[in-house]
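Numbering (the working numbering), first residue to last: 2 to 671.
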Amino acid sequence: MAAAPCTLNMAAVLLLLLLFSVHWPGRSHAFNYLCNNGSSYALNSTYRSNVVALLGSLSANASSSTVGFATATLGHAPDQTWGLALCRGDVNGSGCASCLALAPDMAFGNCRGVRDVSIYYDRCLLRYSDTDFLASPGDAAELVRYGTNLQVKVTADPGRFVGLAADLVAALSAWAARNSTKRYAAGVVTSAKGFTTTDSNLVHNIYGLVQCTPNLAPEACLACLGRLKDEMPAVFNGSTGLQFNAVWCNLRFEVYLFYDSSPVVKLVAPTLTPAPPGAAVHDDAKRTRGTGYAATVVAIVLGILVVLLLSTFMIYVWRKAQVKRYAEEADDSGSLLFDLETLRRATANFAEENKLGHGGFGAVYKGLLPDGRQIAVKRLDKASGQGLKELRNELLLVAKLRHNNLAKLLGVCLMGQEKLLVYEYMLNRSLDTFLFVPEKRPLLDWETRYRILYGTARGQLYLHEDSQIRIVHRDLKASNILLDADMNPKISDFGLARLFSADKTTTITSQVVGTLGYVAPEYAVLGQLSVKLDVYSLGVLILEIVTGRKNTDMFESASGESIILLSYVWDHWVRGTALEAVDPFLDCQSPETESEVMKCIHLGLLCVQENPADRPTMLDVLVMLHGQWSGGFAAPSKPAFHFAYGETMSSDERRNVSLNGMSVSEFQPR
């Protein structure tokens, strides 16, 4: 006997009347829908009554939710129904309600009598079913692909177009999964060259949007969006717009601005290297030459190939013998051998205009590979006798490390006097080029600074606890935090890093290395090395990010003394005026921002305490960054190296610590 229809209260009845009788003036329109005709229901059945009530409940709950999301279930078997509603991340409550109000027209029109229905609009989606699909979040089996503008297409270089769109989607996916409670992100990628379309327009921007349901974990969100992104090259038909819909995630890209939120990701396409004069041009007509001509060409090409292969093999054997000592120790972990001539061409023979900076062991140059990839080439000074060992240390360590917040090593070149490391190019260079430059510091809003702090701590936690080898970086500082196009941080420069035994908490080293202002006192004075050295350096970095000042800058204390940054922040802390030490470019007016800033000041002071045992671990740091600050952290004590200008460090404190901002390194095998 069928279960009795569920009883609706007066509020629900009014809501349903509103849903079915009012045509909202919203801008939403249906992209697509799926009527899964595996089973059906009668128009006067209990199941239909359950669907009616469910749609009303989902619309009310999703539109009133801060994340625009709701799930629900109604009724009892065999008429039980499960449902889900999701509104786009940039849509407010009224816009969410107006979009979901369109769903009944589709449910009881196009999909009338069907028990399992998915409806996709540009601003919301809704699904209901007689099976419990809510029990398996993240399942992307139900997928709808939709070309949003099938008439207008990219007429030249469509592969590059969809490649840039995929790059944008990947960046947005990472942002949505890790940095948004709504699991939503929108952005844009700009190409200087642009793309010509069939309507004779030249477009330079590709706008994109991704979203997961907020109940997905970051890893599940990334996996769901990754499956959609992998579909893009296979189904791309040249259309300037495309949408991929699944219940748990969706993505879309267009050549026009179609979302209302501000872009959180802004990418710039790498400049293409123009083809040299006389380069081959693909032409279908030229591929229809006679077979006699083709045979001649094949014979010549084969002859040339044989010579080239023999030459290449001889060069390869010779080069492999040169780098065997280093390549074997790198354990074939994926690093590549780059040809010197390739790197010379990529950097215009290490031209001065491509120089990004100069460190303690050599210069770094921007380069462009033939495949369009931008790279950063670290060229060790030829006169540096220690440079080869520093390169060796960096190669052996970084080749074994894989993390989103660590700079990626692409390869190495050892040729004669040239010693080169090739890294992925970071569009925004290093943190110090923003943080300590008054003209650029306003570009670092608080959200960006907090994200940089969080990503840096994640990278350091990986080094200390999660990688296959435990590593102390020993030179964590603003110039070694690289920033990609999305201002995500990546820790770089592992020339001073040291392997650390997992069964030891502290070891003694005979030579101290590091950079003035970031070196912990127990290490500078006694040579005591532990992971708490990196925690101290991170604490200094936190206070620099909050204040926008270098740790070596001088300030005037309340008593008129000249003091360094740590002392300056501490003095404000004990007087209860910590916010007066904050970078004036930061807007701390909102209670949420003020609380986060105070939390970071508190955390920074905890990290720079004199006793290493009093400092938090890197895991503690991440937990504190995740949590709310209510003054409940442990009270910090006076920071280490709390001295006034004019006081001097002891000779032991100064030994081997760089006084010019460059790093001093230890190069014995670890």
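For glycine and all other residues, C-beta sits at the position ideal for the given N, C-alpha and C. This one's a predicted model, so the numbers in the text were calculated from it and none came from an experiment.
By how many angstroms is the C-alpha of residue j removed from the C-alpha of residue i?
i: Lys218; j: Leu454; result: Looking at the sequence itself, residue 218 is Ala, so the reference to Lys does not match. Each residue's Cα considered, the two are about 22 Å apart.
i: Leu306; j: Ala167; result: 35 Å
i: Cys100; j: Arg124; result: 7 Å
i: Val170; j: Tyr463; result: 25 Å
i: Tyr129; j: Arg253; result: 23 Å
i: Lys533; j: Arg179; result: 26 Å
i: Ser174; j: Asn429; result: 20 Å
i: Leu56; j: Phe162; result: 39 Å
i: Ala186; j: Val265; result: 7 Å
i: Leu80; j: Asp106; result: Before going further, note that residue 80 is Asp rather than Leu in the sequence given. Distance between the alpha carbons of Asp80 and Asp106: 21 Å.
i: Met619; j: His627; result: 13 Å
i: Glu562; j: Trp447; result: 30 Å
i: Leu580; j: Ile482; result: 25 Å
i: Trp176; j: Ala559; result: 43 Å
i: Ser66; j: Gly94; result: 8 Å
i: Leu75; j: Gly188; result: 38 Å
i: Glu220; j: Asp621; result: 22 Å
i: Glu611; j: Lys267; result: 41 Å
i: Arg459; j: Leu623; result: 7 Å
i: Leu135; j: Cys213; result: 14 Å
i: Thr197; j: Pro271; result: 18 Å
i: Ser591; j: Phe634; result: 21 Å
i: Ser638; j: Val514; result: 26 Å
Taking the alpha helix (DSSP H) that residue i falls in, what are its first and last residues?
i: Ser119; result: Not the alpha helix (DSSP H): Ser119 falls in the beta strand (DSSP E), residues Val115 to Tyr122.
i: Ala559; result: Counting along the chain, Ala559 falls outside any alpha helix (DSSP H), and DSSP gives it neither H nor E.
i: Tyr524; result: Pro522 to Leu527
i: Thr618; result: Careful: Thr618 lies outside any alpha helix (DSSP H) and carries neither H nor E.
i: Arg161; result: Pro159 to Asn180
i: His573; result: Leu566 to Arg576
i: Lys230; result: Pro219 to Val236
i: Leu341; result: Leu341 to Ala347
i: Thr553; result: No alpha helix (DSSP H) contains Thr553, which DSSP labels as neither H nor E.
i: Cys414; result: Cys414 -> not in any alpha helix (DSSP H); beta strand (DSSP E) instead, spanning Leu410 to Met416.
i: Lys533; result: Lys533 to Thr548
Please say whether residue j and residue i have beta carbons closer to each other than 8 Å?
i: Leu226; j: Ser192; result: no
i: Gly549; j: Leu436; result: yes
i: Leu370; j: Ala349; result: no
i: Tyr1; j: Leu410; result: Residue 1 is absent from the structure shown; the chain starts at 2 and stops at 671.
i: Leu567; j: Val536; result: no
i: Thr82; j: Asn51; result: yes
i: Gly363; j: Arg380; result: yes
i: Val115; j: Ser41; result: yes
i: Ser531; j: Thr510; result: no
i: Ser64; j: Cys97; result: yes
Less than 8 Å between CB atoms is the rule here; does residue i satisfy it with respect to chain C?
i: Ser560; result: Protein chain content of the structure displayed is limited to a single chain, and chain C is not contained in it.
On the DSSP letters alone, give me the boundaries of the beta strand (DSSP E) that residue i sits inside.
i: Phe245; result: Leu243 to Ala247
i: Gly188; result: Tyr185 to Thr197
i: Ser130; result: Cys125 to Ser130
i: Phe254; result: Cys250 to Glu255
i: Thr449; result: Counting along the chain, Thr449 falls outside any beta strand (DSSP E), though it belongs to the alpha helix (DSSP H) covering Trp447 to Leu462.
i: Ala108; result: From DSSP, Ala108 is part of no beta strand (DSSP E) but of the alpha helix (DSSP H) over Ala104 to Ala108.
i: Thr82; result: Thr82 to Cys88
i: Lys491; result: Pro490 to Ile492
i: Ile602; result: Element bounds for Ile602: not the beta strand (DSSP E) but the alpha helix (DSSP H), Pro592 to Cys608.
i: Phe70; result: Phe70 to Leu75
Using the Cβ count rule (16 or more neighbours within 10 Å means buried), how would you classify residue i?
i: Gln461; result: buried
i: Gly412; result: buried
i: Phe237; result: buried
i: Val547; result: buried
i: Arg450; result: buried
i: Thr274; result: Per-residue confidence for Thr274 stands at a pLDDT of 49, beneath the threshold of 50, marking its modelled position as unreliable; no derived number is given.
i: Gln244; result: buried
i: Gly373; result: exposed
i: Glu593; result: exposed
i: His474; result: buried
i: Asp685; result: This structure gives no information on residue 685, because the portion of the chain shown stretches from 2 to 671.
i: Leu484; result: buried
Are the stretch 402-411 and the stretch 481-493 touching, with three or more C-beta to C-beta distances below 8 Å?
yes
Three or more C-beta pairs closer than 8 Å, one from the stretch 252-264 and one from the stretch 89-101: is that the case here?
yes
Using a Cβ distance threshold of 8 Å, determine whether the stretch 535-547 contacts the stretch 452-471, with at least three qualifying pairs required.
yes
Meets three-Cβ-pair contact criterion under 8 Å: the stretch 465-476 and the stretch 417-436
no
State whether the stretch 551-570 contacts the stretch 610-629, with contact taken as three or more CB pairs (one from each stretch) at a distance under 8 Å.
no
Spell out a yes or no on whether the stretch 593-606 and the stretch 511-527 are touching, meaning 3 or more CB-CB pairs, one atom from each, closer than 8 Å.
The stretch 593-606, when compared against the stretch 511-527, does not touch it at the 8 Å Cβ threshold.
Are the stretch 476-486 and the stretch 562-572 touching, with three or more C-beta to C-beta distances below 8 Å?
Note that the stretch 476-486 does not touch the stretch 562-572; fewer than 3 beta-carbon pairs, one per stretch, sit closer than 8 Å.
Three Cβ pairs or more, each shorter than 8 Å: is that satisfied between the stretch 33-42 and the stretch 104-118?
yes
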